[in-house]
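A short write-up of the structure that comes next.
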Amino acid sequence: MSAAIRQYLVITGNYWAFTLTDGALRMLVVLHFHQLGYSPLAIALLFIFYEFFGVVTNLVGGYLGARMGLNRTMNIGLFLQIVALAMLAVPAAMLTVPWVMAAQALSGIAKDLNKMSAKSGIKLLVPDEQQGTLYKWVAILTGSKNTLKGVGFFLGGVLLMAAGFQGAVVTMALALGLVWLASLFLLKQELGKSKAKPKFRDMLSKSRAINVLSAARMFLFGARDVWFVVALPVYLHTVFGWDFWKVGGFMATWIIGYGFVQTIAPRLTGNMEGTQPAVLWAAALALVPAAIAVGLSAGWSPQIVVIGGLLLFGVLFAVNSSLHSYLIVSYARGDGVSLDVGFYYMSNAAGRLLGTILSGWVYQVWGLEACLWISSGLVAMASVLSVLLPERRPVTA
């Protein structure tokens, strides 16, 4: 086994372990506070700091990765997640909303340090001329992460039933602690450390391609979360009459399927020559939420329209997301890769934050159809921006 593959496996293993705890923690918080009588919108607001600090962390984290090395930023991310889990292991009386929001903020910082480090690290393990291999490795890492996040949703529910809230977070903290200790010894030193010490102003990308792709990414993820984060779960619960477990189980299954499609995206998109794949896949995605909104307005069966539309949306969104994840790693410079990747995922986090806020507000005032029309418009913006991306040469394995 080559050194590059060994490092890829360590990075992927770290990312998988973190993602399991991230998905499980989200479900634990949702279920626990639902049991305490919080409304779905109030529960969603617990995650605002989680998303907000993702914007800050990706920007600053890319700078830290270039100066300190990606091995250190990845290990810091794992450690901060352990601290966040430990914060939630306090007695129930101390689990106030500000305390949980603070723990979620720390978890958000940890998640984005871990993700930025993982995505940046792969760039350094694959020769630049092997773009096909790079696309496949990024797709596998991205898709498996989302599949495991869905598994983490199930894990959170199981742990809550088996060990209670405190027992669940303590169990995850201990397990992640073992992963962290192993990572300290196995992850290559100085991975991704820039030869030239970057200055703080270097955090903002000077690359036109990365700026355009980052803007498209912001609109893409805002389009998903504007109806997926708050509006959809509340709609399934109130309009379809699904109980909370059915809502959580369905969304976990959706995420698992979404992650699987991401892993096979290179087979679906084929040759990456030119900018057409990013433009056309985004344009196709923009039609789906608009079609769902039209179907609901026409009085068609909401179960068929929403569930069928959501499945199609998941497939197309997974391809778009995987395609974007490859493009950023491909466009990023080799020296100081984390600066470019961090800037890009800052835009990703900004889109998620925007979508989360809009999801609760727009649904509460105008309903699901309004969320869907906004989603369609945001994806259309991503498609238009993708026209400005530079031409790509065909990928080779």
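Residue numbers (numbering that gives the first Met the number 0): 0 to 396. Even glycine gets a Cβ: it sits at the ideal position worked out from N, Cα and C. Keep in mind that this is a model prediction, so the values were computed, not measured.
Per-residue DSSP class, three states only, for residue i
i, result
"residue 304", "helix"
"residue 142", "helix"
"residue 365", "helix"
"residue 255", "helix"
"residue 225", "helix"
"residue 111", "helix"
"residue 88", "coil"
"residue 155", "helix"
"residue 241", "coil"
"residue 38", "coil"
"residue 95", "coil"
"residue 372", "helix"
"residue 185", "helix"
"residue 386", "coil"
"residue 298", "coil"
"residue 273", "Legend: pLDDT at residue 273 = 47, less than 50; position of this residue unreliable, no value from coordinates given."
"residue 10", "helix"
"residue 52", "helix"
"residue 46", "coil"
"residue 68", "coil"
"residue 102", "helix"
"residue 75", "helix"
"residue 356", "helix"
"residue 331", "coil"
"residue 291", "helix"
"residue 81", "helix"
"residue 209", "helix"
Spatial neighbours of residue i in its chain, beta-carbon cut-off 8 Å, leaving aside the 5 residues before and after
i, result
"residue 237", "none"
"residue 150", "19, 22, 251 and 255"
"residue 352", "47, 50, 51, 53 and 54"
"residue 313", "253, 256, 257 and 260"
"residue 209", "327, 330, 331, 339, 342 and 343"
"residue 79", "105, 106, 108, 109 and 112"
Reference residue i; option with closest CA among the options
i, options, result
"residue 41", "276, 330, 341 and 28", "28"
"residue 233", "38, 22, 388 and 255", "38"
"residue 135", "326, 340 and 356", "326"
"residue 219", "367, 389 and 380", "380"
"residue 34", "82, 80 and 91", "91"
"residue 280", "352, 321, 304 and 211", "321"
"residue 211", "299, 8 and 382", "382"
"residue 253", "306, 294 and 295", "306"
"residue 30", "147, 85, 388 and 157", "157"
"residue 324", "102, 366 and 145", "145"
"residue 365", "302, 101 and 226", "226"
"residue 99", "44, 36, 70 and 58", "44"
"residue 265", "217, 248 and 319", "319"
"residue 216", "57, 16, 347 and 363", "347"
"residue 36", "63, 297, 8 and 96", "96"
Sub-7 Å separation of residue i and residue j beta-carbons
i, j, result
"residue 74", "residue 183", "yes"
"residue 385", "residue 214", "no"
"residue 112", "residue 141", "no"
"residue 358", "residue 229", "yes"
"residue 104", "residue 76", "no"
"residue 349", "residue 54", "yes"
"residue 115", "residue 341", "yes"
"residue 235", "residue 241", "yes"
"residue 310", "residue 287", "no"
"residue 26", "residue 164", "no"
"residue 377", "residue 166", "no"
Cβ-Cβ separation, residue j to residue i (assumed contact under 8 Å), whole Å
i, j, result
"residue 138", "residue 262", "6 Å"
"residue 257", "residue 317", "5 Å"
"residue 178", "residue 88", "The pair is not a contact, with the Cβ atoms about 18 Å apart (cut-off 8 Å)."
"residue 106", "residue 24", "6 Å"
"residue 399", "residue 223", "Here the chain covers residues 0 to 396 and nothing more, so residue 399 does not appear."
"residue 303", "residue 175", "Contact doesn't hold; Cβ gap of about 41 Å is too wide."
"residue 345", "residue 58", "4 Å"
"residue 15", "residue 231", "That belief does not hold up - the Cβ atoms of residue 15 and residue 231 are roughly 26 Å apart, past 8 Å."
Sequence-distant residues of its chain with Cβ nearer than 6 Å to residue i (five each side left out)
i, result
"residue 289", "375"
"residue 84", "168, 171 and 172"
"residue 361", "369 and 370"
"residue 389", "208"
"residue 372", "292"
Within-7 Å CB hit, residue i to chain B
i, result
"residue 95", "The structure shown contains no chain B; it is built from a single protein chain."
7 Å CB neighbourhood of residue i in its chain, flanking five on each side removed
i, result
"residue 283", "315"
"residue 387", "211"
"residue 102", "83, 86 and 87"
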